[in-house]
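Chemist:
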Amino acid sequence: MSDPQQTPPGNGVVGCDRRDEQADLGTAGKIARMFISTPVTPMLMIATLCIGILGLLFTPRQEDPQISVPMIDIFVSYPGASIHQVESMVTEPLERLMSELPGVRHVYSATGRGQALVTVRFRVGEEMGASIVKVHDKLQSNLDRIPPDVQMPLVKPVGVDDVPVVAVTLWSAEVDDTQLRTLALDVLQSLGEVPNTGKGFVAGGRADQVRVEVSLERLAGFGISPQQVAGTIRTANSERNAGTMEAGNTVFNVYAGAFLRTAQDITELVVGSRAGQPIYVHDVADVRYVSEDAQQMSTFFTGPAWTGGERASGEAAVTIAIAKKEGTNGVTVSKAILAKLERLKGTLIPANVNITITRDYGRTANDKVNELLGAMFEAAVIVAVLCLVGLGFRAALVVIMVIPIVILVTVWWAWVVDYTIDRVSLFALIFAIGILVDDATVVVENMFRRWLEEGNTSIAVGVDAVREVGNPTILATFTIIAALLPMGWVSGLMGPYMRPIPVLGSSAMFFSLVAAFIFTPWLALQMRPRMEALGRAERREEKTRQIVSRLYRPLIEPLIRSRTLGIGFLISIILLTVGLCMLFYTRTITVKMLPFDNKPEFSVVVNLPEGTAMPVTANVVRQLAVKSLEIPEVTAVVTYAGTSQPFNFNGMVRHYYLRRNPWEGDLLVMLEDKLERERGSHAIAVAARELLTPLAEQLGARVAVVEMPPGPPVLQTVVAEVYGPDDATRRQFAHDLTQIFAEVENIVDVDNYMPEPYRLWRFEVDTQKAVRRGISVNTITDNLDMVMGGYRLGDVKRGNVQEPTYIVLQTSLAERSQISQLSNIPIPAEDGRLVPLAELGRFVQEWEQPLVYHKDLRPMEYVVGEMEGRLGAPIYGMLAVEDRLEGYTAPDGVQVTGMPGGLIGPPADDFVSGFEWTGEWTVTYETFRDMGIAFMAALLLIYGLIVWEFRNFTLAGLIMSPIPLTLIGIIPGHLLMGAEFTATSMIGMIALGGIIVRQSILIVEFVKIEVEKGLSVREAAVRGAEIRMRPIFITSLTLMAGAWAIIFDPIFQGMAVSLLFGAGVATLMAVVVVPLGCISARRQFYLVQTDAGDIVLSPEYGVREQHPDTAEAEPVRRPALWRRLWGITARILGWTYYGVRAVVILLAQGLSAMLQRRREAQAENGDPPTPQAASAVDDPPPAEDAASPGAGAAAGRSPGTAKAEQAEAGAARKTPPPPTARAKAKTARTKSGAGKGRRGIRADKKPTK
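When we follow full-length UniProt numbering, the leftmost residue of the sequence shown carries the number 1, and every step to the right adds one.
Written out as structure tokens, the structure reads:
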């Protein structure tokens, strides 16, 4: 067959000879022939349904996917050491050791006086158990390096399974918080009996204690020291086995001593003697069984939306929190816990104690799962209706029966691969419903069509029909899988969070392909109609086809006939796409990582100035709680002072569980059900911020409204990690940056992690006097420690209690709060005499040293804020901050910017000031970067699959040409729906790339077949679009139906908009663009390969396409395959480089122009001066501004001035400023102080008109 005229027209550059269709059925035909008539097929269907139902029953349910992010806290105590001693001797060596571990992402640390906390954060996906072993092994192998006086490190791992799934608040107007805490501990013990419960704890309440309150005056009068009292009680509170004795034939155990059991036992202890008379403990101290001093406080308020019966207004409360075990079903565990709680009512829990469920992740997860299951059912119904309309009853019934099989087997597969039924996995199934019917639709439609053409409904015709569409169906399915799978390799926190979509979506597509070749032929054979019915269906379809032709041909034929119109149409599409992309630049469409969800609660974090007493904090928190009750949707508010609420996943990442200082507090604001309120939780949180912030400023507090993030949690939305050459420079720069943050309109809750300075008392021992009197420094510090409060001497043995009742030695609050009284503490000397403390030294007041933060072994500071308003993505706030940093000079005299280097990593070194943008930006950058790479990988995979099937590079590019057309629908869709372009929008766009290619394949495959039958490419292209329009539209409508089911979900609205509008518009454009492309590339349909291996142009090309070529075909001279591949690769890389470079240049110029226009507008409107405008003049500042913080950091300083200021900064570090001066720096964090703070940064500038 070397004669090219004897070779039928082919479609590729590699062998295209066709074998006998009956002799070679292909993979699809062989599978169909195997299962189309065997009784094994219905049994296999039933078995598949059964395992799917088992998967649905046994797969754990929860609201969000489980993300393994091992975080291990290491606490180290170094008593008496200064911060810099702890930093150099403990923190830095420990950080180096931890950074050596494999799998570590970051090492954080916070160093304070006498203590350090090092947090090791492993990479996402690392196993918690293995991570703990790594940390312990590293510590154990380096115990010999622990410096003297440094205590053993305490390792406490924290993971997502430690987050409580159920929180129960007990409150009462008749029972105090001590009794509530005791009751809560008993309830917690009972709830621990529920299977699969994990870690539990109680928040709030005071514990019982036996308080030994010594009187300094009586101690001195009786000649007894605190150390004697402590030693007497410790010695008496012991019991041990002294051995055994035998009496007769019996062996007896002998015990000596007895434990102290009551306060009376302690009062009767003899602590000494005087003049032959015993001195009892009650002679020098008051011993009482009381509640401990209030170190934490929790109260409960009911709000205007409360419907739970009895109301509360600041009643005492405690909260029980319980987690679940790893891998268990949160829904069943929470139901079991609450059922157990109901049984405890009236038995363990008295009637005068109220119970409120303040957290039930099992119920919220079940509600979300049921809601999405309902949405999935709605999508299935809509898809079924569309199939009925488009395919007819019998064919549609076949497709409808395949849907539950594929969905259930996918759920079973989720169970196998250890996924859960959560919002993300269900969204993957809802998304898959719209496309998994395509394979079955194509197969059943072609079987019915072939039965009609052949005039019989035989099995052989049906099998051949499956063979006919087998390869295109396999190719189309794997193009969708190729589009989805690369998203499974997205790194960072968003990777495992969104991974169920590519994994389960691809699995559903594969299972639908298998079902199309195994179950669909069998079902179609059982549903095959009579020939009369097929004839009627054909006549109806022919009428429909004629209508489509009358509408379609007038649209497409002018573009075919007129080259000018065709080129103009192409140019208009390109310009439209570019113009729509400019909507991102103009911020008509905003971008964001993920939008806020509608949650049943939010929190308010309260911080008062460091050193504030706990009662003051409790009073402020109470006033804020009362103010929050003005929000009509609030059902209840739980307050926490001196402690934190039970942490969630967000609190775990932010370490809220370590908030134990007296000046820290929390509010848990609970909202009514989302179905009963009009506003979403985010809108309510914004209103709460506006309501509470003014009151907090009046009370001297700082508040931050914290919402549950819709995706993986971060430290805060906008975070600047500040680096610098020394502590003073770094902290001053962080103060200035805090003020700049406060000026940005959309950045709220501005704060930094630098504590305000507060004073402490230190007793300086006069060692010479102490040595002369025979008194050691340890004796002095021990006695002082014993009277200052909370010194534990052991516990009393009360029997069946859940926490120990400590014996606490202290003096009264009235005595220990006055330095003059403490000076009278009697200190025992070697000769037995007592020496007043005042004779051994003196009390001096100092400033507390600020904490030192490290990240990855480098000292740094945090400046944080949240985004609010329409421009809620961190990038908008970051750009605004960068705009204000123009012209700013850091305290060390350098110009500072966080772009572009600070976007992807910290400064290269700490020799000069600099900062890195982190927080939500890091997750956003990593996610969109990896998704972009995944999109490119998907395009390459799809291109390779198409080339493999069609054996033609040009046709593969033609088939993929509609992919950019999806933007014409996606971008206006977001604009019409008022939706932000989010990560889920990107997922929808990537998935749509594989789906839209399927439609092109149908048209091009039809054109190829029709050309082989003798039609011209022009007629075949138009006819192919007409005939394939129905399955193409059915495919798009089913996809859009699945997307519509999730269009109103806050998180996945972006994905739904991309699929809904992108598929709709791209489908309409594809039926025009693809036929035009086929006509333009018509030469490719006539390439054939001879037996000699030459690629030639068939002579039919000149005949059918009216080409002047001769009848004798001439060989097409082509270079070797590797050269063609190299040329194509080079062209792709070249165009990609120049395209990306052009886009980057365009964005950079546009961004620069936009910033310039903003600065000009600010100058015209008389707004606060921007750095560039402020650098125009050099007038001196007003007097009050010159004294404001940061005035020394003015721009335009000389080198000598800069060195002098650095020297002053070093001196200031040794002697901290008074609180009033540092308080001004904190005041600048608020919006009201933004103007003065701004002038303080550039004190030598003022704006020009």
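Just so it is clear, CB atoms sit at the ideal spot from N, CA and C, and this is done for glycine as well. Computed from a predicted structure; not experimentally measured.
Could you check the C-alpha separation between residue 1307 and phenylalanine 602 for me, to the nearest Å?
Modeler: In the structure displayed, the chain extends from 1 to 1249; residue 1307 sits before or after that span and is not available.
Chemist: Quick one: what's got a C-beta closer than 7 Å to valine 158's C-beta in the same chain, skipping five residues either side?
Modeler: Here the question's residue 158 lines up with position 158 in the sequence shown. Excluding positions up to five away in sequence, the list reads Met71, Asp73 and Met652.
Chemist: Return yes when the Cβ of proline 662 is within less than 7 Å of the Cβ of glycine 642, no when it is not.
Modeler: Within the sequence shown, residue 642 is the residue found at index 642, counting from 1. Within the sequence shown, residue 662 is the residue found at index 662, counting from 1. Going by C-beta atoms, glycine 642 is nearer than 7 Å to proline 662.
Chemist: Taking C-beta to C-beta, are valine 90 and arginine 181 nearer than 7 Å?
Modeler: Translated into positions along the sequence shown, residue 90 becomes position 90. Translated into positions along the sequence shown, residue 181 becomes position 181. The answer is no: Cβ separation not under 7 Å.
Chemist: Taking the alpha helix (DSSP H) that threonine 767 belongs to, which residues open and close that run?
Modeler: Counting from one through the sequence shown, the residue named residue 767 turns up at place 767. Looking at the DSSP string, the run of the alpha helix (DSSP H) that includes threonine 767 is 767-772.
Chemist: Please classify serine 313 as buried or exposed, where buried requires at least 16 other C-beta atoms within 10 Å of its C-beta.
Modeler: In the sequence shown, residue 313 corresponds to position 313, counting from 1. Its Cβ having fewer than 16 others within 10 Å, serine 313 is exposed.
Chemist: Where does leucine 667 fall in DSSP's three states?
Modeler: Here residue 667 refers to the residue found at position 667 when the sequence shown is read from its first residue. The answer is strand: DSSP assigns leucine 667 an E or B state.
Chemist: Put alanine 321 into one of helix, strand or coil per three-state DSSP.
Modeler: Residue numbering aside, residue 321 sits at position 321 when the sequence shown is read from its first letter. Strand, per DSSP.
Chemist: Among the candidates Met786, Val620, Val1017 and Asn800, whose CA atom is the shortest distance from the CA of threonine 299?
Modeler: The sequence position of residue 299 within the sequence shown is 299, counting from 1. For the residues Met786, Val620, Val1017 and Asn800, the minimum Cα distance to threonine 299 belongs to Val620.
Chemist: From the DSSP output, in three-state form, read off alanine 983 for me.
Modeler: The residue labelled residue 983 in the question sits at position 983 within the sequence shown. Helix at alanine 983.
Chemist: Are the beta-carbon atoms of leucine 183 and isoleucine 320 separated by less than 7 Å?
Modeler: The residue given as residue 183 occupies position 183 in the sequence shown. The residue given as residue 320 occupies position 320 in the sequence shown. Not in contact: leucine 183 and isoleucine 320 (Cβ atoms no closer than 7 Å).
Chemist: How long is the line joining the alpha carbons of asparagine 997 and proline 962, rounded to whole angstroms?
Modeler: Within the sequence shown, numbered from 1, the residue matching residue 997 stands at position 997. Within the sequence shown, numbered from 1, the residue matching residue 962 stands at position 962. At residue 997 the sequence reads valine, which differs from the asparagine that was named. Straight-line Cα distance between these residues: approximately 7 Å.
Chemist: Give me the Cα-Cα distance between phenylalanine 225 and isoleucine 775, rounded to the nearest whole angstrom.
Modeler: For this step, residue 225 is matched to residue 225 along the sequence shown. For this step, residue 775 is matched to residue 775 along the sequence shown. It should be pointed out that residue 225 corresponds to serine in this sequence rather than to phenylalanine. Using only the alpha carbons, I get a separation of about 13 Å.
Chemist: What is the DSSP secondary structure of proline 836, reduced to helix, strand or coil?
Modeler: By one-based count along the sequence shown, residue 836 stands at place 836. In the structure shown, proline 836 sits in a strand (DSSP, three-state: E or B).
Chemist: Let me know the alpha helix (DSSP H) ranges lying completely inside the region 835-883, each 4 residues or longer, listed in chain order.
Modeler: DSSP runs (the alpha helix (DSSP H)) wholly in the region 835-883: none.
Chemist: Compute the Euclidean distance between the alpha carbons of glutamate 830 and arginine 816, then round it to the nearest angstrom.
Modeler: Position 830 of the sequence shown, counting from 1, holds the residue named residue 830. Position 816 of the sequence shown, counting from 1, holds the residue named residue 816. If I take the Cα positions, the gap works out to 26 Å.
Chemist: Quick check: the Cα distance between proline 521 and methionine 45, rounded to an integer number of angstroms?
Modeler: Mapped onto the sequence shown, residue 521 falls at position 521. Mapped onto the sequence shown, residue 45 falls at position 45. Answer to the nearest angstrom: the Cα atoms are 13 Å apart.
Chemist: Is alanine 258 buried or exposed, if buried means 16 or more other CB atoms sit within 10 Å of its CB?
Modeler: In the sequence shown, the residue the question calls residue 258 occupies position 258. Exposed, since its Cβ has fewer than 16 Cβ neighbours within 10 Å.
Chemist: Hey, how far is the Cα of glutamate 633 from the Cα of leucine 692?
Modeler: Here residue 633 is taken as the residue at index 633 of the sequence shown, counted from 1. Here residue 692 is taken as the residue at index 692 of the sequence shown, counted from 1. In a straight line, the C-alpha of glutamate 633 is about 16 Å away from that of leucine 692.
Chemist: I need the DSSP call for threonine 302, collapsed to helix, strand or coil.
Modeler: Here residue 302 corresponds to residue number 302 of the sequence shown, with the count starting at 1. DSSP places threonine 302 in strand when its eight states are reduced to three.
Chemist: Can you give the Cα-Cα distance for arginine 951 and valine 1004, rounded to whole angstroms?
Modeler: To locate residue 951, count along the sequence shown from 1; it is residue 951. To locate residue 1004, count along the sequence shown from 1; it is residue 1004. Near 13 Å, if we compare the C-alpha coordinates of valine 1004 and arginine 951.
Chemist: Can you tell me whether glutamine 645 is helix, strand or coil according to DSSP?
Modeler: Along the sequence shown, read from residue 1 onward, the residue named residue 645 stands at position 645. In this structure, glutamine 645 counts as coil in the three-state DSSP scheme.
Chemist: Below 8 Å on the Cβ atoms is my contact criterion, and I expect glycine 114 with proline 148 to pass it. Report the Cβ-Cβ distance as a whole number of Å.
Modeler: For this step, residue 114 is matched to residue 114 along the sequence shown. For this step, residue 148 is matched to residue 148 along the sequence shown. Not a contact, Cβ separation roughly 14 Å.
Chemist: Alpha carbon to alpha carbon, what distance is there between leucine 851 and glutamate 916?
Modeler: Looking up residue 916 in the sequence shown gives position 916. Looking up residue 851 in the sequence shown gives position 851. Going by the C-alpha atoms only, they are around 20 Å apart.
Chemist: Tell me, please, which residues DSSP counts as bridged to methionine 487.
Modeler: Numbered from 1 along the sequence shown, position 487 holds the residue referred to as residue 487. Looking at the DSSP assignment, methionine 487 forms no beta bridge with any residue, so it has no partner.
Chemist: Please tell me whether proline 60 and asparagine 329 are closer than 7 Å, where the distance is taken between their beta carbons.
Modeler: The residue given as residue 60 occupies position 60 in the sequence shown. The residue given as residue 329 occupies position 329 in the sequence shown. Yes, these two residues count as a Cβ contact at 7 Å.
Chemist: Excluding the 5 residues flanking isoleucine 946 on each side, which residues of the same chain have their C-beta closer than 8 Å to its C-beta?
Modeler: As a first step, residue 946 is located in the sequence shown; it is residue number 946 there, counting from the start. So the list reads Leu475, Thr479, Leu955, Ala956, Ile959, Met960, Val997 and Ile1001, once near-sequence residues are dropped.
Chemist: Three-state secondary structure (DSSP) at arginine 759?
Modeler: One-based indexing of the sequence shown puts residue 759 at position 759. It is a strand residue.
Chemist: According to the neighbour-count rule (16 or more other Cβ atoms, all chains shown, within 10 Å of its Cβ), is serine 238 buried or exposed?
Modeler: The residue given as residue 238 occupies position 238 in the sequence shown. It counts as exposed.
Chemist: DSSP has lysine 345 in a bridge; who is on the other side?
Modeler: The residue you call residue 345 lines up with position 345 of the sequence shown. Lysine 345 pairs with Ile349.
Chemist: Mind checking whether arginine 234 and leucine 594 have CB atoms under 7 Å apart?
Modeler: Against the sequence shown, residue 234 aligns to sequence position 234. Against the sequence shown, residue 594 aligns to sequence position 594. Against a cut-off of 7 Å, the Cβ pair of leucine 594 and arginine 234 comes out as no contact.
Chemist: Pick helix, strand or coil for glutamine 62, following the three-state DSSP scheme.
Modeler: Walking along the sequence shown from the start, residue 62 turns up at place 62. Three-state result, glutamine 62: coil.
Chemist: Would you call lysine 1013 buried or exposed, if buried means 16 or more other Cβ atoms sit within 10 Å of its Cβ?
Modeler: The count along the sequence shown starts at 1 and reaches residue 1013 at position 1013. With fewer than 16 other Cβ atoms within 10 Å, it is exposed.
Chemist: Cutting at 6 Å between CB atoms, please list the residues of its own chain near arginine 659, excluding the five before and the five after it.
Modeler: Reading the sequence shown from its first residue, position 659 is the one you call residue 659. Here the set comprises Ser644.
Chemist: Looking only at its own chain, which residues have a Cβ that is under 8 Å from the Cβ of leucine 857, when we skip the five neighbours before and after it?
Modeler: Numbered from 1 along the sequence shown, position 857 holds the residue referred to as residue 857. Closer than 8 Å at the Cβ level, and outside the excluded window around leucine 857, lie Glu92, Glu95, Arg96, Ser99 and Val107.
Chemist: Within 10 angstroms of the Cβ of aspartate 208, are there 16 or more other Cβ atoms? Answer buried if so, exposed if not.
Modeler: As a first step, residue 208 is located in the sequence shown; it is residue number 208 there, counting from the start. Buried is the call here.
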